[in-house]
Amino acid sequence: MLDYRRPVLRARAPLRISFAGGGTDVAPFPQREGGAVLSATISSYCYSTLRPRTDGRITVQSLDFGTSIGFGVDDDVEYDGQLDLPKAAIARIREIDGALPVTGFDLFLHTNAPPGSGLGSSSAVMVSVIGLVAQHCGLDLGPYDVAELAYRLEREDLGIPGGSQDQYAAAFGGFNYIEFLKDQVVVNPLRVRDATVHELEHNMLLAFTGRTRVSDHIIEDQVSRYETGNADALEGLRAQKELAEQMKVALVRGEVDSLGRLLGQAWAQKRKMSSRITTPLIDDAISRALNLGALGGKVTGAGGGGHLIFVCEFERRHVVAEELIRMGLAVSEFTFSKEGVVTWRAQG
Numbered sequence: 000m001l002d003y004r005r006p007v008l009r010a011r012a013p014l015r016i017s018f019a020g021g022g023t024d025v026a027p028f029p030q031r032e033g034g035a036v037l038s039a040t041i042s043s044y045c046y047s048t049l050r051p052r053t054d055g056r057i058t059v060q061s062l063d064f065g066t067s068i069g070f071g072v073d074d075d076v077e078y079d080g081q082l083d084l085p086k087a088a089i090a091r092i093r094e095i096d097g098a099l100p101v102t103g104f105d106l107f108l109h110t111n112a113p114p115g116s117g118l119g120s121s122s123a124v125m126v127s128v129i130g131l132v133a134q135h136c137g138l139d140l141g142p143y144d145v146a147e148l149a150y151r152l153e154r155e156d157l158g159i160p161g162g163s164q165d166q167y168a169a170a171f172g173g174f175n176y177i178e179f180l181k182d183q184v185v186v187n188p189l190r191v192r193d194a195t196v197h198e199l200e201h202n203m204l205l206a207f208t209g210r211t212r213v214s215d216h217i218i219e220d221q222v223s224r225y226e227t228g229n230a231d232a233l234e235g236l237r238a239q240k241e242l243a244e245q246m247k248v249a250l251v252r253g254e255v256d257s258l259g260r261l262l263g264q265a266w267a268q269k270r271k272m273s274s275r276i277t278t279p280l281i282d283d284a285i286s287r288a289l290n291l292g293a294l295g296g297k298v299t300g301a302g303g304g305g306h307l308i309f310v311c312e313f314e315r316r317h318v319v320a321e322e323l324i325r326m327g328l329a330v331s332e333f334t335f336s337k338e339g340v341v342t343w344r345a346q347g
């Protein structure tokens, strides 16, 4: 039964693109050498809605997966592969000191991109749900709190391999240079001029390969190669960190062409981190795009599929887009988002 005395709450958390540094946020690299990622959030989101109810039941419905689950507010949560991300967030938040008692609610989820798309959608789901349920329970969590909790839930409670850039990108939003140190994460928001943002939106393309990489074990392979001292993996990871710094400088200076060329270098180094990162389709798409006027392109995410990003000469962007579409990729333009996770009361 719905509780009409309490407000319906909504939240959204943005997806992100990663320019350089991906992989340096995955343990044990940041603990041993320190990592750095340059990323930006885009105007695509994970949305969530919470409707309070009075009967002690919690339901979660996902439009993306076409499934729903339900359990009691005091039930032990079972992680069985069915909407485990929201279940983990609910289970942890209801146990935080100071949280209001949960009387039940309906949770509805929808995301603009599927899991494994390379845009950080899974972490955006977690961040969105944490922000929403925390507000419902009367908790005031800042972006660092939300990101750290999301990271621990995904990597520790659920045992999902990966790094921590996505959680911090979704929580903070905007253009960020994120440093991953031995025992802390530092988010450095970048003051990027509006003209630079407009130029990037004018010149960039996002292309979906149509394939996700959820079960490709790319991250595990990358970690294994790093821990065994594989020379290519070591070189690729260390170069990613350096390129993130160089691209940050180009970005704040407004040097879009330089950023595009550095993007190509970042891809060349990323390919060294694991043989599973690229595919014949990805290599072919990037090669054709470069031949037709792209300044640089790379996978945004772990690799093996998902989305590619390109910085093009604007006069050639449409030619690049047409070729990628001929290859079967879904091509889109996009805009950047300045906001991280936000929650609000629904009207009416």
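Going by numbering that gives the first Met the number 0, the first residue of the sequence shown is number 0, and it counts up by one from there. Cβ coordinates follow ideal geometry from the N, Cα and C atoms, glycine included.
- For Ile-41, the three-state DSSP class (helix, strand or coil): strand
- Message: Distance check for Gly-173 and Ile-82, CA to CA, integer angstroms please.
- Response: In the sequence on display, residue 82 carries Leu and not Ile. Taking the straight line joining both Cα atoms gives about 28 Å.
- Are the beta-carbon atoms belonging to Leu-242 and Leu-258 less than 8 Å from one another? no
- Task: Would you mind working out which of Tyr-78, Ser-274 and Val-191 sits nearest Glu-254, comparing C-alpha positions?
- Result: Val-191
- Message: For Ser-42 and Arg-270, I'd like the C-alpha separation in whole angstroms.
- Response: 28 Å
- Name the residue from Lys-337, Tyr-167 and Ala-194 whose alpha carbon lies nearest to the alpha carbon of Leu-148. Tyr-167
- Item | Between the CA atoms of Val-340 and Ala-10 - distance to the nearest angstrom | 7 Å
- Task: Note down the Cα distance separating Gly-327 from Phe-207, rounded to an integer number of angstroms.
- Result: 9 Å
- Task: Quick one: using the 10 Å Cβ neighbour count with 16 as the cut-off for buried, is Val-185 buried or exposed?
- Result: exposed
- Expected contact under 8 Å - CB spacing of Cys-311 and Leu-294 to nearest Å: 6 Å
- DSSP state of Thr-66, grouped into three classes? strand
- Item | Secondary structure of Arg-344, DSSP reduced to three states | strand
- Query: Mind checking whether Lys-247 and Leu-189 have CB atoms under 8 Å apart?
  - Reply: yes
- For Asp-165, count neighbouring Cβ atoms within 10 angstroms of its own Cβ and tell me buried if that reaches 16, exposed if not. buried
- Message: If you measure between the beta carbons of Thr-40 and Phe-335, is that distance less than 8 Å?
- Response: yes
- Item | Classification of Gly-235 by the beta-carbon crowding that lies within 10 angstroms, buried from 16 upward | buried
- Task: Enumerate, from N- to C-terminal direction, the unbroken alpha helix (DSSP H) stretches of 4 or more residues contained entirely within the stretch 137-178.
- Result: 142-151 and 164-171
- Item | Cα-Cα separation, Ser-38 to Pro-6 | 34 Å
- Are there 16 or more other CB atoms within 10 angstroms of the CB of His-201, so buried, or fewer, so exposed? exposed
- Item | Simplified DSSP state of Gly-71, which is helix, strand or coil | strand
- Query: Is any heavy atom of the ligand MN found at a distance shorter than 7 Å from the C-beta of Asp-63?
  - Reply: The ligand MN is absent from the structure shown, which contains no ligand whatsoever.
- Message: Only counting the same chain, and skipping five residues up and downstream in sequence, which positions put a Cβ closer than 6 Å to that of Asn-187?
- Response: Tyr-176
- Query: Of all the CB atoms in chain D, is at least one closer than 8 Å to the CB of Leu-307?
  - Reply: No chain D appears in the structure shown, which is made up of a single protein chain.
- Which listed residue (Glu-244, Thr-23, Leu-307 and His-317) has its alpha carbon closest to that of Ile-16: Leu-307
- Item | Contact set for Ala-112: own chain, Cβ-Cβ below 7 Å, skip 5 residues either direction | Leu-14, Ser-43, Leu-118 and Ser-120
- Task: Quick one: give me the first and last residue of the alpha helix (DSSP H) that Arg-91 is part of.
- Result: 83-92
- Message: Helix, strand or coil, according to DSSP, for Gln-183 in the structure here?
- Response: coil
- With a threshold of 16 other CB atoms inside 10 Å of the CB of Phe-18, please say whether the residue is buried or exposed. buried
- Message: On a Cα-Cα basis, can you pick out the residue from Val-76, Thr-102, Glu-314 and Ala-88 that is closest to Thr-53?
- Response: Thr-102
- Query: What are the partner residues of Ala-10, as DSSP defines its beta bridges?
  - Reply: Ser-47 and Thr-342
- Going by CA-CA distance only, name the one from Thr-211, Arg-316 and Ala-345 that's closest to Arg-275. Thr-211
- Short check: CB of Ala-22 to CB of Met-272, under 8 Å? According to the sequence shown, residue 22 is Gly rather than Ala. It is a contact, given that the beta carbons lie within the stated cut-off.
- Message: For Leu-204, report the span of its beta strand (DSSP E) as first-last.
- Response: 203-207
- Item | Closest residue to Leu-106 among Arg-315, Ser-116 and Ile-129 (Cα-Cα distance) | Ile-129
- Task: Take Gly-304 and list the residues in its own chain whose beta-carbon comes closer than 6 Å to its own, dropping the five residues that flank it on each side.
- Result: Thr-208, Arg-210, Thr-211 and Arg-212
- How is Lys-297 classed by DSSP in three states: helix, strand or coil? strand
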